[in-house]
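The block underneath contains the structure these notes are about, expressed in structure tokens.
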């Protein structure tokens, strides 16, 4: 059997998964790849740190040069995450003619173009299935299987941490703060949860998917972003009453060569399969002009699911697959315009206000909506007359710009405490 | 731009879809494949037949030799279906060094080994994504993305016709006969619906998936098979009462190197995502030892979804992908034992009997169950005392052999009209 040497940069969560899979599934991997894979070096920050894995002595190193300058190492697997030194190390590995597998969504989303270009210049393969959706083979799917399609839209639950929090809020009635705390205790959320909770992580993943699906360069700053930290238990409960479930979604749609991408909480009809994707599961819903609707559901994180995607990429390289990198950036199919404006986005909306429930108040609010052509589908009020109570509207489909103009006027009415939340309803 | 000539064998439903996609999505396909694809010949039975497609004169032919003997044709796309002459034509195309794309599940399931072997001998590529799940990229998924996994089980809604019928029975309260008639009128079911309704189609698809997932040769006759024609509206209604939905599923599980495959109606808990896959949608649920649970949902039939898979395969060939055929049959990972016996299958069961509701009858039945170690979880009875009424039992998990022994005894009791239906409950 042929042998191949690979190196891991980092052996944290995903790295441990890769190590375990290479050993547990050795028989399958040998047969499918045709190779005996040897992890010959692992880059770590601290060699003496206790690790639960049975790693032989001499494999660990703190010196990247022992990897990039070792001509016997053919594949470098970057699992450090973050910006630097991961970028420098990947470029250095590629310049030394090593194939690279990475799970680094931040770098793919923000500096993917440069990585792809160097891969092409050096004639090596750069694979990154693990960067989106953990084990879910969505990148392979878009790049290899949906190639006959013009993709019209992608809607994804792309972040497992926020999906776990929203599931706890929805099914167990927890507050955002308590659900976040539980997610942190279980290791689903980091000590600083900003990247997950405020939607940055989902933005990076949406950028990667969009660049592949729409064949165009993506500037992550053109993606509209809202997190879930503003969601209150009452929003979850009102959504339930109306037959919806709130999910943090990433949406990319292309129409008339204009691409719009956005990440925000949305109310999904309970009958849509995305509404029933719970806990830390991810899901990606793709609509193509030939395939129709296609959906992938799977574990979006975790050492073994993400490790499954990484080891799958290693096997793909060994089987000398087509170079996935060549389909991104360097071969733009559709250099379409991107809009980051939400004013013309047409949605139905959920709006929750606090009002002093005096006579005539509802009439004044609905009059302002009417003046701006915002048509109301449903109203719900809770609490006692004469006090400040939550008042919820669901609108018919309306351009977001009109809605905001109406709300500007409504804010000025007497007895309106504040507009507490606006959530888009997505019916796809 | 490079040019490539291809030929279609047949231009019915799927062939029309392929023709339309090649023209509608020409821009995307050129960019992604690097080729200008020309359909230079189409094999038909009757040239003069009116077709709704705008096919140029001179492309149609009734002579296979004009295709297999034309050295300028590089890819042959077999969309005739059935046994012969499809097999002969594919072999002839491969022997003439043409790559082959096919949607022929019957041939893949029953003579896949021979097709793969010839493909390997001739050094050509044989792709068949469209043979299972229409547009759903499940074959690519298993072959390319899940390679790091030992697959433990596959559960699929593999037949769109029966899923359409069951959806109509479940959501609209239709009888099996009426739902089948409607499916035939809408073109979802054929005039002779046996292959769909009795589970043969699902058996072929399960055989293809199993051979890839478990890396072993599959004899289709070793797959246990039950269709849906015996399902009555009362079974659907009782299932609902218990919180289940009835689906025709294909299941393949491997344990201790023994592979069991079966196709039959099953009661799926409503909270499982498979229970909510309706109409003609297909779904495939895969459990791997690294990836955990992964599910694909999409259109399992239709000219454009199936055409999407066929054209995707053509593009994969043009991009010179890895030869998928090399992973099936010829490279057995796991030549495991197959069992076709259901006696040791452990399930919970739904059993519907007609009984003369005389005093003591229920006690006699439950005593017989008890004697054979079949433990009852739930009983429901409908109708009036003193007449023949349906009586439904749900058992706890029990080996199927024991259940049948108990039922043999129960049949002999006074007042038992017949055992009308037995449906397995699947909790995965």
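Residue numbers (my numbering), protein chains in the order written: chain W, 1270 to 1697; chain F, 1270 to 1697. The C-beta atom is built at its ideal place from N, Cα and C for all residues, glycine as well.
Q. Which chain F residues sit within Cβ distance under 8 Å of residue 1398 of chain W?
A. The count along the first chain starts at 1 and reaches residue 1398 of chain W at position 129. The contacting residues are 1414.
Q: Give every residue of the same chain whose Cβ lies closer than 6 Å to the Cβ of residue 1567 of chain F, excluding the five residues on either side of it in the sequence, and list them in chain order.
A: For the purposes of this step, residue 1567 of chain F is taken as the residue at position 298 of the second chain. If we look at residue 1567 of chain F and ignore the five residues flanking it on each side, its Cβ neighbours are 1404, 1405.
Q) Hey, how far is the Cα of residue 1680 of chain W from the Cα of residue 1659 of chain W? A) By one-based count along the first chain, residue 1680 of chain W stands at place 411. By one-based count along the first chain, residue 1659 of chain W stands at place 390. Distance between the alpha carbons of residue 1680 of chain W and residue 1659 of chain W is about 14 Å.
**Q.** Contact check, residue 1624 of chain F vs residue 1684 of chain F, beta carbons under 8 Å
**A.** Along the second chain, read from residue 1 onward, the residue named residue 1624 of chain F stands at position 355. Along the second chain, read from residue 1 onward, the residue named residue 1684 of chain F stands at position 415. The answer is yes: Cβ separation under 8 Å.
**Q.** In chain order, each alpha helix (DSSP H) run of at least 4 residues that lies wholly inside the segment 1319–1391 of chain W
**A.** 1334–1337, 1355–1364, 1374–1391
Q) Between which two residues does the beta strand (DSSP E) containing residue 1536 of chain F stretch? A) Position 267 of the second chain holds residue 1536 of chain F. Counting along the chain, the beta strand (DSSP E) containing residue 1536 of chain F begins and ends at 1527–1538.
Q | the segment 1664–1680 of chain W in contact with the segment 1473–1482 of chain W per 3-pair CB rule at 8 Å | A | Contact between the segment 1664–1680 of chain W and the segment 1473–1482 of chain W is absent, because fewer than three Cβ pairs lie under 8 Å.
Q. Under 8 Å between the Cβ atoms of residue 1514 of chain W and residue 1465 of chain W?
A. Walking along the first chain from the start, residue 1514 of chain W turns up at place 245. Walking along the first chain from the start, residue 1465 of chain W turns up at place 196. Contact flag unset, no.
Q: Grab me the residues of residue 1686 of chain W's own chain with a C-beta within less than 8 Å of its C-beta, minus the 5 sequence neighbours each way, in chain order.
A: Numbered from its first residue, the first chain carries residue 1686 of chain W at position 417. Within the same chain, residue 1686 of chain W has close Cβ partners 1622, 1623, 1624, 1625, 1657.
Q: With a 10 Å radius around its C-beta and 16 neighbouring C-beta atoms as the bar for buried, classify residue 1593 of chain F as buried or exposed.
A: As a working note, residue 1593 of chain F is residue 324 in the second chain. Only weak support exists for where residue 1593 of chain F lies, its pLDDT of 41 falling under 50; the value from the coordinates is given anyway. Residue 1593 of chain F is buried by the Cβ-count criterion.
(Q) How far does the beta strand (DSSP E) with residue 1513 of chain F in it extend, from its first residue to its last? (A) Here residue 1513 of chain F refers to the residue found at position 244 of the second chain. That run of the beta strand (DSSP E) goes 1513–1524.
Q) Name the chain W residues whose beta carbon is nearer than 7 Å to that of residue 1687 of chain F? A) Numbered from its first residue, the second chain carries residue 1687 of chain F at position 418. Within chain W, no residue comes near residue 1687 of chain F; the closest Cβ sits about 37 Å away, beyond 7 Å.
Q.
Whether or not the segment 1382–1391 of chain F and the segment 1357–1365 of chain F are in contact is what I'm after, with contact meaning three or more pairs of Cβ atoms, one per stretch, closer than 8 Å; do they touch?
A. yes
Q. Less than 8 Å separating the beta-carbons of residue 1291 of chain F and residue 1313 of chain F?
A. Taking the second chain and counting its residues from 1, one reaches residue 1291 of chain F at position 22. Taking the second chain and counting its residues from 1, one reaches residue 1313 of chain F at position 44. Contact: no.
Q. Counting only beta-carbon atoms, is residue 1271 of chain F nearer than 8 Å to chain W?
A. Reading the second chain from its first residue, position 2 is the one you call residue 1271 of chain F. No, residue 1271 of chain F lies away from the interface with chain W (no Cβ there is under 8 Å from its Cβ).
Q. Is the beta carbon of residue 1471 of chain W sitting closer than 8 Å to the one on residue 1440 of chain W?
A. Within the first chain, residue 1471 of chain W is the residue found at index 202, counting from 1. Within the first chain, residue 1440 of chain W is the residue found at index 171, counting from 1. In this structure, residue 1440 of chain W does not lie closer than 8 Å to residue 1471 of chain W by Cβ.
**Q.** Environment of residue 1460 of chain F [buried if 16+ CB atoms lie within 10 Å]
**A.** Within the second chain, residue 1460 of chain F is the residue found at index 191, counting from 1. Counting every other CB atom within 10 Å of its CB across the protein chains shown gives residue 1460 of chain F a total below 16, marking it as exposed.
Q: Starting from the beta carbon of residue 1702 of chain F, find every residue of chain W whose beta carbon is closer than 9 Å, and list them in chain order.
A: Limits of chain F in this structure are 1270 at one end and 1697 at the other, which puts residue 1702 of chain F out of reach.
(Q) Taking the straight line between their C-alpha atoms, what separation do you get for residue 1638 of chain W and residue 1523 of chain W? (A) Indexing the first chain from 1 puts residue 1638 of chain W at position 369. Indexing the first chain from 1 puts residue 1523 of chain W at position 254. One C-alpha to the other measures close to 29 Å.
Q) Out of curiosity, what's the CA-to-CA distance linking residue 1285 of chain W and residue 1349 of chain W? A) As a first step, residue 1285 of chain W must be located in the first chain, where it is residue number 16. As a first step, residue 1349 of chain W must be located in the first chain, where it is residue number 80. Note on geometry: alpha-carbon atoms of residue 1285 of chain W and residue 1349 of chain W lie some 12 Å from one another.
Q: Mind listing the chain W neighbours of residue 1484 of chain F? Cutoff is C-beta to C-beta under 9 Å, in chain order.
A: In the second chain, the residue the question calls residue 1484 of chain F occupies position 215. Within 9 Å Cβ-Cβ: 1297, 1300, 1301.
Q. Who does residue 1659 of chain F pair with in a DSSP beta bridge?
A. Within the second chain, residue 1659 of chain F is the residue found at index 390, counting from 1. As a beta-bridge residue in DSSP terms, residue 1659 of chain F pairs with F:1623.
(Q) Here's the rule: buried if 16 or more other CB atoms are within 10 angstroms of the residue's CB, otherwise exposed. What is residue 1746 of chain F? (A) Residue 1746 of chain F lies beyond the range of chain F shown here (1270 to 1697); nothing can be said about it.
Q. Looking at residue 1304 of chain W and residue 1273 of chain W, is the spacing between their C-beta atoms short of 8 Å?
A. Numbered from 1 along the first chain, position 4 holds the residue referred to as residue 1273 of chain W. Numbered from 1 along the first chain, position 35 holds the residue referred to as residue 1304 of chain W. Result yes, Cβ atoms of residue 1273 of chain W and residue 1304 of chain W sit closer than 8 Å.
Q) Any idea if residue 1409 of chain W is buried or exposed, counting beta-carbon neighbours within 10 angstroms, 16 or more meaning buried? A) For the purposes of this step, residue 1409 of chain W is taken as the residue at position 140 of the first chain. By the neighbour-count rule (16 or more Cβ atoms within 10 Å), residue 1409 of chain W is buried.
Q.
For the structure I just gave you, are there three or more beta carbon pairs, one from the segment 1314–1333 of chain W and one from the segment 1540–1556 of chain W, closer than 8 Å?
A. no
Q: Check whether the Cβ of residue 1580 of chain F lies closer than 8 Å to any Cβ atom in chain W.
A: Taking the second chain and counting its residues from 1, the one referred to as residue 1580 of chain F is at position 311. By this cut-off, residue 1580 of chain F is an interface position.
**Q.** Contact with chain F by residue 1699 of chain W, beta-carbon distance below 8 Å
**A.** Past the edges of chain W, shown from 1270 to 1697, lies residue 1699 of chain W, and the structure says nothing about it.
Q. If we count the other Cβ atoms within 10 Å of its Cβ and call it buried at 16 or more, is residue 1351 of chain W buried or exposed?
A. Residue 1351 of chain W sits at position 82 when you count from the first residue of the first chain. Answer is exposed; the Cβ neighbour count stays below 16.
Q | Alpha carbon of residue 1424 of chain W to alpha carbon of residue 1355 of chain F, nearest angstrom | A | Translated into the one-based positions of the first chain, residue 1424 of chain W becomes position 155. Translated into the one-based positions of the second chain, residue 1355 of chain F becomes position 86. Between residue 1424 of chain W and residue 1355 of chain F, the C-alpha separation is close to 40 Å.
Q.
Rounding to the nearest angstrom, what Cα-Cα distance links residue 1597 of chain F and residue 1299 of chain W in this structure?
A. As a working mapping, residue 1597 of chain F is identified with position 328 in the second chain. As a working mapping, residue 1299 of chain W is identified with position 30 in the first chain. With a pLDDT of only 39 at residue 1597 of chain F, under the threshold of 50, the placement of this residue in the model should not be trusted; the figure read from the coordinates follows. Cα to Cα, the separation comes out at about 15 Å.
Q) Using a C-beta to C-beta distance shorter than 8 Å, which residues of chain F count as neighbours of residue 1632 of chain W? A) Here residue 1632 of chain W corresponds to residue number 363 of the first chain, with the count starting at 1. In chain order: nothing, as chain F lies at least about 41 Å away.
Q) Is the segment 1441–1454 of chain F in contact with the segment 1483–1493 of chain F, if contact means three or more CB pairs nearer than 8 Å? A) no
Q. Interface residues of chain W around residue 1419 of chain F at Cβ under 7 Å?
A. For the purposes of this step, residue 1419 of chain F is taken as the residue at position 150 of the second chain. Under the 7 Å cutoff, chain W gives 1294, 1297.
**Q.** Nearest-angstrom beta carbon gap, residue 1607 of chain W and residue 1422 of chain W [assumed within contact, 8 Å]
**A.** Taking the first residue of the first chain as position 1, residue 1422 of chain W is located at position 153. Taking the first residue of the first chain as position 1, residue 1607 of chain W is located at position 338. Actually they are not in contact, since the Cβ atoms of residue 1422 of chain W and residue 1607 of chain W sit about 15 Å apart, beyond 8 Å.
Q. Ordered along the chain, which non-local residues of its own chain (more than five positions away) have a Cβ less than 7 Å from that of residue 1552 of chain F?
A. In the second chain, residue 1552 of chain F corresponds to position 283, counting from 1. Result list for residue 1552 of chain F: 1425, 1426, 1543, 1546, 1564, 1565, 1566, in chain order.
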